[in-house]
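Visitor:
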Amino acid sequence: MIGAYARVTPAELHRALDDPEWALELVGGRMEAEAQECPRPAPARCLDVDTAWDALGFLLRRAAFPVDIVHGEEPVPGADDWGYGPPRYLTPERVRTAAGALAEISGERLTAGVGPGDLAAAEVYPAIVWERGMPLDFVSEHYELLRPFFRAAADEGDGMLMWLG
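The opening position of the sequence shown corresponds to residue 1201 in this note's numbering, with each subsequent residue numbered one higher.
1) Taking the continuous alpha helix (DSSP H) assigned at residue 1309, which residues delimit it?
2) Could you tell me which of 1315, 1254 and 1230 sits nearest to residue 1244, measuring between CA atoms?
3) What beta strand (DSSP E) runs, 3 residues minimum, are completely inside the segment 1281 to 1327?
4) For residue 1297 and residue 1266, which I take to be in contact (beta-carbon distance under 8 Å), what is that distance rounded to the nearest angstrom?
5) Can you confirm whether the segment 1318 to 1336 touches the segment 1218 to 1232 when touching is taken to mean that 3 or more C-beta pairs between the two stretches lie within less than 8 Å?
6) Secondary structure at residue 1233, three-state DSSP: helix, strand or coil?
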């Protein structure tokens, strides 16, 4: 399971909420185009955090993060499964709140005091890597990609779609 994100303009978000099939086509096209270009997180319209998504969620909940940037806060009405369930979204306002909070917490600070054993004990996906003692560098590296991605989205007034694929 991979955690995936797509930045969308307010108009695109509105249309996505009315027509989730259109949104899936939009996101699929963007992901395909960006897979060839490999843009940096700030200008990218799509981003994935690989299998770090559940560890990020665990660490962000631990830090009392104000926005659920891993699972989204609202379901896309009527959306079909985009991999491991339907997509969810954040409004542009919640993206701005998230970007501000992300600016306050570095990846190093997010993972401070937590080790692989803690993630294994909490049954964080994928449990086998934590049971084997994988360092949290993998998680903090993906977290550091989210920071400029959300900042750029907030600066441009974008909303966000997210899903597990």
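Heads up, the beta-carbon is just placed ideally off N, CA and C, and yes, glycines get one too.
Guide: Taking the structure as given:
1) 1307 to 1311
2) 1230
3) 1288 to 1290
4) 6 Å
5) no
6) helix
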